[in-house]
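Peer 1:
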Amino acid sequence: MEELTIVIGGEQGEGIESVGEILTKVLSQMGFSLYGFRNFSSRIKGGHSDFNLRISSGKEIYVNAEKVNILVAFDRASIDLYINQMDKNSIILYDSKSVKSDNLPIAPKGVIMIEAPFQELASELGSPIMKNMVALGMICALNNHSASSFHKVIQEQFLKKGMKISQLNVEAFEKGYAFIKEKNLFSIPLVPAINSNKMFLSGNEAMVIGALASGCRFMAGYPITPASEILENMINMMPEFGGVVVQAEDELSSVAMSIGASFAGTRSMTATSGPGISLMQEAIGLSGAIEIPLVIIDTQRGGPSSGLATKMEQSDLTAMLGGTHGEIPRIIISPSTVQEAIYDMNTAFNLAEKYQCPVFIAADLVLSTSKQSAEILDPLRIEMERGKRVSDEELAEQGKALYDRFAFTDDHISPRTIPGQKFGTHHATGIEHGQTGHPTEDYENRKKMMIKRMKKIETVTLGEDIKAEGEGEDLLLIGFGSTYGAIREACEAFNKDGIKAGLAHIRLLHPFPADQLEGMINKARQVIVIENNYTGQLADVIKQHIPDHSKIQKLSKFDGRPFAPSDIRKFCKELV
Amino acid sequence: MEELTIVIGGEQGEGIESVGEILTKVLSQMGFSLYGFRNFSSRIKGGHSDFNLRISSGKEIYVNAEKVNILVAFDRASIDLYINQMDKNSIILYDSKSVKSDNLPIAPKGVIMIEAPFQELASELGSPIMKNMVALGMICALNNHSASSFHKVIQEQFLKKGMKISQLNVEAFEKGYAFIKEKNLFSIPLVPAINSNKMFLSGNEAMVIGALASGCRFMAGYPITPASEILENMINMMPEFGGVVVQAEDELSSVAMSIGASFAGTRSMTATSGPGISLMQEAIGLSGAIEIPLVIIDTQRGGPSSGLATKMEQSDLTAMLGGTHGEIPRIIISPSTVQEAIYDMNTAFNLAEKYQCPVFIAADLVLSTSKQSAEILDPLRIEMERGKRVSDEELAEQGKALYDRFAFTDDHISPRTIPGQKFGTHHATGIEHGQTGHPTEDYENRKKMMIKRMKKIETVTLGEDIKAEGEGEDLLLIGFGSTYGAIREACEAFNKDGIKAGLAHIRLLHPFPADQLEGMINKARQVIVIENNYTGQLADVIKQHIPDHSKIQKLSKFDGRPFAPSDIRKFCKELV
Amino acid sequence: MSTLKDYRMDIKPNWCPGCGDFSVLAAIQKSAVNLNIEPEDMALISGIGCSGRISGYVNVYSMHTMHGRALAVAQGVKLANPDLHVICAGGDGDGFGIGLNHFAHAGRRNVDITYIVMDNQIYGLTKGQMSPTSPQGMETKSSPGGNPEQPINPLQMALASGSSFIAQAFSGDLKQLVSLIEQGMKHKGFSFINVFSPCVTFNKILTYEFFKKNLVNLDEREGYEPSNRGMAFNIVEETSSMFTGVLYKNERKTLTESQPKGSGTDMLRQGQFELNENMKDKLISRFI
Amino acid sequence: MSTLKDYRMDIKPNWCPGCGDFSVLAAIQKSAVNLNIEPEDMALISGIGCSGRISGYVNVYSMHTMHGRALAVAQGVKLANPDLHVICAGGDGDGFGIGLNHFAHAGRRNVDITYIVMDNQIYGLTKGQMSPTSPQGMETKSSPGGNPEQPINPLQMALASGSSFIAQAFSGDLKQLVSLIEQGMKHKGFSFINVFSPCVTFNKILTYEFFKKNLVNLDEREGYEPSNRGMAFNIVEETSSMFTGVLYKNERKTLTESQPKGSGTDMLRQGQFELNENMKDKLISRFI
Ligand SMILES: Cc1ncc(C[n+]2csc(CCOP(=O)(O)OP(=O)(O)O)c2C)c(N)n1
Ligand SMILES: Cc1ncc(C[n+]2csc(CCOP(=O)(O)OP(=O)(O)O)c2C)c(N)n1
Ligand code: SF4
Ligand code: SF4
Ligand SMILES: [Mg+2]
Ligand SMILES: [Mg+2]
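Residue numbers (the UniProt record's numbering), protein chains in the order written: chain A, 1 to 576; chain B, 1 to 576; chain C, 1 to 288; chain D, 1 to 288.
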């Protein structure tokens, strides 16, 4: 097969994570493209959890498949949850100990359901918790992978627990492997991968390496699902890069600290989710008013209020666009894949310093927490543009007491000085101010300063502000963020059916690339804006910018689950 | 004359306030319609300040005039600021002591400039600070008012300082009066008023009496210009109404306290301006999510950040509309006159309890701080609709352990119980919840709850959601808030010129009365949205709702000053 | 007469087995019964965290609010209806991290509510980051090299900011916990009870065993006078906060009692909202 | 060698004549000169209020931030560039009302900055409402019947939350004010100086005269040892906070010093941002 999907499910704490880690590491090294998503129940401990891994030999994938080929069930919930998603010619392996075989649902046609002695075989080695490695062995055998490539990785994984345990785990793996090979009942071999070695990481991890690679040397954050991982990874990795990370007392503080660090000349950021964005609104306004770079990651989750903290939503767009009082320049970038997330961080830091304003990374829960394959970080793609600065020499030449930090210029951007630079001292205030930064209520100055701040960002571009694919004469599908994977696959399916579908995925949400999109919309017969929220926030933004928008339809999903390609196909079919 | 404008200017602390109070009290009692605006410099003490009072015998007025008929100048700045606004046949009286008469600007044609012995005459009575009463006497004489109607009010005003001082002030007034009568050089008599006794008060004061009249018995607030007056007036007046007002430690607390009080069953509110709205965003989301009534006044001022705290702007619309993370129901009402502000508070409390959601009063600095004539409070116009409640008897009958506080109903509104009611206990959480209020992640429930919350407000109406005047075939002028006065007068001027102009002033900003407005826009040849902000926030909202909005143009003013009718006329003339 | 049954409900807490918060839940229910409060006369307001979930497990009027803002909400509830018995509850992050400001101001205002913090020295709900009470050097998910910060001392903070009743309890001693909550609720004014409530999942340092070994009981200490602020401050130093019992207690006017004449009185209780002519005159007199 | 002239600028403060904040402005400038700091090496971060305007009147790198958040901004500045001398300044409302949480956490974190509060016991900029340090009973624009709340005690709060240098000064005594600011700036760690800085326009109770009459000078008090937390707490009680001088002082590791190895060191200082192969390997090793 060219691709397949494996799900491993059980109670939290049954070692599902390790199976996932080893499996994905080996497959990554083999060059497969992967997409993995971990489903949690909201309980801290206990409760069902599963890892859904899609594996592709060639094609890049950005969404889970809707059909499952191999289900490993350590608990009954796994079967109930996935039985209706089993592909024809698929297999369910359920644990003979922990899943009672009477009273099981009847397997759909073509689905083989096998009682598997995960725990039994592990117990034979003295430790039932090694059932996860038994399961890994079975998976490996079912896919016809060579067992040897797994040995090394298993050993590495358990080395910290000692040689003996490490070896036992390899044995457990072998037992599972042999079980399938002996039975010889079934196999789902994968076509060898055509790509070379890749990274496999979550969006959150991608943003961390993107930030550190781009010279981010300060972060202040406050834990919040699903952004905590960013803070934790930064704390873990920052010491090697010489910077500082602070867990602040709240988001009011974390964003303010980040602004302070940025004022001091460091590349700095903060990361949060829904409630944190609400609390940061005042400081976001300050950053805009005093023209200090600031990078803010919002890993959007289910709202409003505490909402659905562990579920998917894209409902903070209006908050990012206009949540602070008054009006400021700001930039909003939306990565749609893990790969993009890395380099978007680089763009974000460059734009923040170039345009001296807050830059949002509008991530979402699925992008942040799903793991995807990505090209290995390429230092050549990391650029450092630190914006308009003034050298110490130039300053010495000017030798003025008060530096014109907010000077009016042709491109509306004023050169910055950094604390420590002689003759660069200046005042920065959120009150309306003149060119030296000192407060003034002069009407003409106010007008000019507002225009300066608001106009400067009009030239912002990511290069590719809209990711366009397909023709889109019949149907144009518009979205942003992690829905890209589902939209792309829906699009491909339409094209197969002879419908000229295309997609326009918005990468730069603000300033909005209206002209470009208008052309695409005008060409299309039907236009659907697809979003994980209730009101259709992106659609409303588009409507502001497109003078005749009667054609635009909204497809909203707000039950906490991401879009599947079939959601989109179903909606469009009902239209046509 | 049918109307005229008087400006009294000087250093802060020169008694301008008392002149204004006495003058407006007497004129109000005479039935004149008034509009007064106090201009401050941003200094705490000292600096120029003036009171600009427009007086009309018949027509209601909602904006300052652009021409001045009588200028009383205690300082030189008053002359410099107003000389170019003097009407033909107008008079400037400047103090012979404090304004040097050499080096004065040359009066425009038709403007009489007189050195007036304000201070001198007052000094004759032993106290130069009474110069303000001398000036009042002169104004009174110039207008041919009978002096006697002023005596009583002056006496009342100064009674707290003792009989003697009170009498001296009357004498000072008489001296001023006599000075003009003796000179007999000029008079600007006003046509007697046709209306009966009115109130004269600021928008802030109007909102306070509206709130108290509507049964608001709790407020928590935090001082901020220009909303502090609301808090202060509530603190002053609340004891007589038995409620409680708290000055909280910050806006995070003030809004949260208000939510708590509302949960306890009291009508409660908070009031703030720009930065406070930013800080309240998280709690606003909670109020929406747990369906607790909440009234929030935003007296918009110049943004962003600390911005122009004492200047006019209408730039918090996007923050009110979408500033909290996630999506909630909310209602936004925009009073455009002081009179409306009173009853809009009543509507706000009724809608908040009926729809169980946050209701914003989108006021602005000019509405909040200008003083206007208004009909005397009419108790018959105050309604009390406390929304869906359950009686103790009904509860006893149901006798359930867990009350279905968030029950699904036909109109999406669930009956509320109040702490203290037996069998009404329930849980309210910002996490997504089921009908009893307890958290659940069930997908179907989530969908239904979102729909319930978001759909319930679709039926909201103020009765008059858009205030429409004039025909508007040639030109439709759209605005919100205090710009009404300027737009109306521009409209009238257009009509006089034979242009069929009309206005559509949006009173209900959310949910947006799109259908009604679309009809009006379709009928008009040109449409201009007039706002005190940079981006055209209302225009952008309209564009979302009107499928073909190519016709819409934006007229923005963001230098901190309110619109004058001539701003609008000038802009439109350039268009035509 | 209310019974424990009235306060219970059919919902299973989603806490980990062994979590200290179970005791606090039981203690609140028991105290309310002991004090003979009817469930409908009680409001339980909580913050966000594992601990914050507690308000969903007691059958009273309950509200699960925002991270750090529960005390502000609770003050609003009490001031608007002084007849209600108001308990506020939350975690150490909720109360001493993001919410510390409201803690200090509620204390000095002396609003008559009882504030119970389930102090597990960790962020439980977000899975194990350090909290403002995590000891210096403690390894957590967000301090893999050891917490670089000195912790906050909630008891001294409460003293400094003017709380009129301050106590500390331990989830492992239900009897004292119930007694302290009862005392707190009976106290007229702001009462604060810090409860060592172990997080068995993420805090492997400050465990039941640790507390059992280290806690001293102030209530049993001879000569300790919980009415002297200086003495209270010093005993916290001396015991390194490792004590249970009443640390400080001193009645003074509550905020409701010190309202201006007229405010917060019967008119508020009776919900007299309708506008009459007398009220109208009061409203307009200044403006005509 | 910097001189006073270097720190001054051509802008006239918009404070009322006689406002206590003028002294604080002069004292900051003087201290910086005395300590021989170059203007470009100093960052002055302020909050919002009359007092907050101070950052616009000193010719250094200055930032006038948000109401209540200046300390958070200042911590960010210092942590990002430990070579800068960072002063944070604001009012009593700014620091002890809306901003109290950051005050407590900056104190326990011991970030090496100097925090100066111009405590006039009133909200000056918003024209005279009560502040968290207004005495109980004081009549203000927002407490016409007298402040119903007990004020916060900033000194005890600072002690409780772990500030390592705590002092109090008076605008009417410039010499001591300068000396205390100097000591604060020299102190390694978080230093807090509360300055009684009368608001001549809105506070008619706590005036220059009042302070002159009531303040005692701790620096001159024999036997007072500013290194004992308990003693410090008690002296605040004893004097009803009416003292000037150093209340408490005790050096401990700053947050910069207790960072994990590698953090906040030369690499940060040298702004080594460019990505090299070594860094790249560190970044990707976990993901391949
Ligand atoms: C404004 C905001 N920031 C962050 C969060 C995420 N969050 C939820 S609970 C919590 C801390 C939990 O710790 P604690 O208060 O000690 O409670 P515990 O879970 O330990 O009982 C955090 C950071 C949030 N809900 N809201
Ligand atoms: C978030 C926010 N809320 C309210 C305000 C309004 N405000 C400005 S200064 C101030 C208080 C001033 O008092 P204080 O901090 O004591 O400073 P002072 O003016 O007395 O020096 C307030 C409430 C604001 N700017 N921002
Ligand atoms: S994570 Fe800790 S605090 Fe949360 S429920 Fe589990 S044991 Fe309790
Ligand atoms: S109002 Fe008070 S604090 Fe503000 S400048 Fe004037 S005297 Fe100073
Ligand atoms: Mg905790
Ligand atoms: Mg103050």
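The C-beta atom is built at its ideal place from N, Cα and C for all residues, glycine as well. Owing to the predicted nature of the structure, the values given are computational and were not obtained by experimental measurement.
Please confirm whether any heavy atom of ligand 1 lies closer than 6 Å to the CB of Asn120/C.
Peer 2: Along the third sequence, one-based indexing puts residue 120/C at 120. Flag set: Cβ of Asn120/C near ligand 1.
Peer 1: Just tell me which of Lys253/C, Arg69/C, Pro144/C, Asn228/C has its CA closest to the CA of Leu252/B.
Peer 2: For the purposes of this step, residue 252/B is identified with residue 252 of the second sequence, where counting begins at 1. Measuring from the Cα of Leu252/B, the nearest candidate turns out to be Arg69/C.
Peer 1: Starting from Pro358/A, trace the beta strand (DSSP E) in both directions and tell me its first and last residue.
Peer 2: As a working mapping, residue 358/A is identified with position 358 in the first sequence. Per DSSP, Pro358/A belongs to the beta strand (DSSP E) from 358 to 364.
Peer 1: If the cut is a Cβ gap below 9 Å, which residues of chain D does Ile139/B touch?
Peer 2: To locate residue 139/B, count along the second sequence from 1; it is residue 139. Neighbours of Ile139/B on chain D: none; closest Cβ ~28 Å, over 9 Å.
Peer 1: Rounded to a whole number of angstroms, what is the C-alpha to C-alpha distance between Gly18/C and Ala428/B?
Peer 2: Here the question's residue 18/C lines up with position 18 in the third sequence. Here the question's residue 428/B lines up with position 428 in the second sequence. One C-alpha to the other measures close to 26 Å.
Peer 1: So with Cβ pairs under 7 Å, would you call Ser427/B a contact of chain C?
Peer 2: Taking the second sequence and counting its residues from 1, the one referred to as residue 427/B is at position 427. Note on identity: in this sequence residue 427/B is His, with Ser being the wrong assignment. For His427/B, the answer is yes, since a Cβ of chain C falls inside 7 Å of its Cβ.
Peer 1: What is the C-beta distance between Ile6/B and Ile79/B, in whole angstroms, given that I count them as a contact (C-beta under 8 Å)?
Peer 2: The count along the second sequence starts at 1 and reaches residue 6/B at position 6. The count along the second sequence starts at 1 and reaches residue 79/B at position 79. In fact, because the Cβ distance is near 15 Å, the residues do not count as touching under 8 Å.
Peer 1: Report the neighbours of Lys141/C on chain A: residues whose CB is nearer than 9 Å to its CB, in chain order.
Peer 2: Residue numbering aside, residue 141/C sits at position 141 when the third sequence is read from its first letter. Within chain A, the residues near Lys141/C are Pro223, Ser228, Glu232, Ile235.
Peer 1: Anything in chain B within Cβ reach of Gln281/A, meaning under 7 Å, just list it in chain order.
Peer 2: Taking the first sequence and counting its residues from 1, one reaches residue 281/A at position 281. Within 7 Å Cβ-Cβ: Ser278, Gln281, Gly323.
Peer 1: Nearest-angstrom Cα distance between Asn12/D and Asn278/C?
Peer 2: Reading the fourth sequence from its first residue, position 12 is the one you call residue 12/D. Reading the third sequence from its first residue, position 278 is the one you call residue 278/C. The residue you asked about is not Asn; residue 12/D is Lys in the sequence shown. Roughly 52 Å between the two C-alpha positions.
Peer 1: So Phe211/D is in the alpha helix (DSSP H); what residue range does that whole segment cover?
Peer 2: Residue 211/D sits at position 211 when you count from the first residue of the fourth sequence. From DSSP, the alpha helix (DSSP H) with Phe211/D extends over 208 to 214.
Peer 1: Under a three-way DSSP split, which group does Pro439/B fall into?
Peer 2: Residue mapping note: residue 439/B aligns to position 439 of the second sequence, counting from 1. Strand.
Peer 1: Looking at chain B, is there any beta carbon in it that lies within less than 7 Å of the beta carbon of Tyr123/D?
Peer 2: Reading the fourth sequence from its first residue, position 123 is the one you call residue 123/D. It does: the Cβ of Tyr123/D has a partner Cβ on chain B nearer than 7 Å.
Peer 1: Between the Cα of Pro511/B and the Cα atoms of Thr461/B, Thr483/B, Glu473/B, which residue gives the shortest distance?
Peer 2: Sequence index remark: in the second sequence, residue 511/B carries index 511 (1-based). When only C-alpha atoms are compared, the closest one is Thr461/B.
Peer 1: Beta carbon of Thr126/C: closer than 6 Å to some heavy atom of ligand 1?
Peer 2: Working through the third sequence from its first residue, we reach residue 126/C at position 126. Checking the Cβ of Thr126/C against ligand 1 gives yes.
Peer 1: Using three-state DSSP, classify Ile290/A as helix, strand or coil.
Peer 2: Sequence index remark: in the first sequence, residue 290/A carries index 290 (1-based). Coil.
Peer 1: My guess is that His426/B and Tyr61/C are in contact by the Cβ rule of under 8 Å, so how many angstroms apart are they, rounded?
Peer 2: Working through the second sequence from its first residue, we reach residue 426/B at position 426. Working through the third sequence from its first residue, we reach residue 61/C at position 61. Their Cβ separation, rounded to whole angstroms, is 7 Å, which keeps His426/B and Tyr61/C in contact under 8 Å.
Peer 1: So, at 8 Å on beta carbons, what are the nonlocal neighbours of Arg301/A in its own chain, with the 5 sequence-adjacent residues on each side left out?
Peer 2: Residue 301/A sits at position 301 when you count from the first residue of the first sequence. Correct list, in chain order: Thr225, Pro226, Ser273, Gly274, Gly307, Leu308, Ala309, Thr310, Lys311, Met312, Glu313, Asp364, Leu365.
Peer 1: Please identify, using Cβ separations under 7 Å, the residues of the segment 50 to 72 of chain C that lie next to chain B, in order along the chain.
Peer 2: Hits within the stretch, in order: Ser55, Gly56, Asn59, Val60, Tyr61, Ser62, Met63, His64, Thr65, Met66, Arg69, Ala72.
Peer 1: Among Asn445/B, Ser334/B, Thr535/B, which residue has its Cα nearest to the Cα of Ile506/B?
Peer 2: Here residue 506/B refers to the residue found at position 506 of the second sequence. For the residues Asn445/B, Ser334/B, Thr535/B, the minimum Cα distance to Ile506/B belongs to Ser334/B.
Peer 1: Can you name the start and end residues of the beta strand (DSSP E) that Arg54/A belongs to?
Peer 2: Locating residue 54/A in the first sequence gives position 54, where the first residue counts as 1. Counting along the chain, the beta strand (DSSP E) containing Arg54/A begins and ends at 48 to 56.
Peer 1: Name, please, each residue of chain D whose Cβ falls closer than 8 Å to the Cβ of Met157/C.
Peer 2: Residue numbering aside, residue 157/C sits at position 157 when the third sequence is read from its first letter. Within chain D, the residues near Met157/C are Ala104, Met157, Ala160, Ser161.
Peer 1: For Phe211/C, which residues in chain D fall below 9 Å Cβ to Cβ?
Peer 2: Here the question's residue 211/C lines up with position 211 in the third sequence. Those within 9 Å of Phe211/C in chain D number zero; the least Cβ separation is about 22 Å.
Peer 1: Starting from Asp95/A, trace the beta strand (DSSP E) in both directions and tell me its first and last residue.
Peer 2: Your numbering for residue 95/A matches position 95 in the first sequence. Segment 86 to 95, the beta strand (DSSP E) holding Asp95/A.
Peer 1: Residues of chain C with CB closer than 7 Å to the CB of Asp250/A, please, in chain order.
Peer 2: Reading the first sequence from its first residue, position 250 is the one you call residue 250/A. Those are Gly68, Gly97, Ile98, listed as they occur along chain C.
Peer 1: Please indicate yes or no: does the CB of Ser131/D lie closer than 6 Å to some heavy atom of ligand 6?
Peer 2: For the purposes of this step, residue 131/D is taken as residue 131 along the fourth sequence, with counting starting at 1. Result yes, Cβ under 6 Å from ligand 6.
Peer 1: Any idea what DSSP makes of Arg389/A, helix, strand or coil?
Peer 2: Taking the first sequence and counting its residues from 1, one reaches residue 389/A at position 389. DSSP places Arg389/A in strand when its eight states are reduced to three.
Peer 1: Taking Gly485/B as part of the alpha helix (DSSP H), name the residues at either end of that continuous run.
Peer 2: Taking the first residue of the second sequence as position 1, residue 485/B is located at position 485. Here the alpha helix (DSSP H) through Gly485/B covers 484 to 496.
Peer 1: In this structure, does DSSP put Ala374/A in helix, strand or coil?
Peer 2: The count along the first sequence starts at 1 and reaches residue 374/A at position 374. Correct three-state label for Ala374/A: strand.
Peer 1: Evaluate the contact criterion for the segment 172 to 189 of chain B versus the segment 108 to 122 of chain B: three or more CB pairs, one atom per stretch, below 8 Å.
Peer 2: The answer is yes - the segment 108 to 122 of chain B touches the segment 172 to 189 of chain B, with three or more Cβ pairs under 8 Å.
Peer 1: Helix, strand or coil for Phe406/B? Go by DSSP, reduced to three states.
Peer 2: By one-based count along the second sequence, residue 406/B stands at place 406. Coil at Phe406/B, not helix or strand.
Peer 1: Distance, Cα to Cα, Gln183/D vs Arg286/D?
Peer 2: Taking the first residue of the fourth sequence as position 1, residue 183/D is located at position 183. Taking the first residue of the fourth sequence as position 1, residue 286/D is located at position 286. Rounded to the nearest angstrom, the two C-alpha atoms are 47 Å apart.
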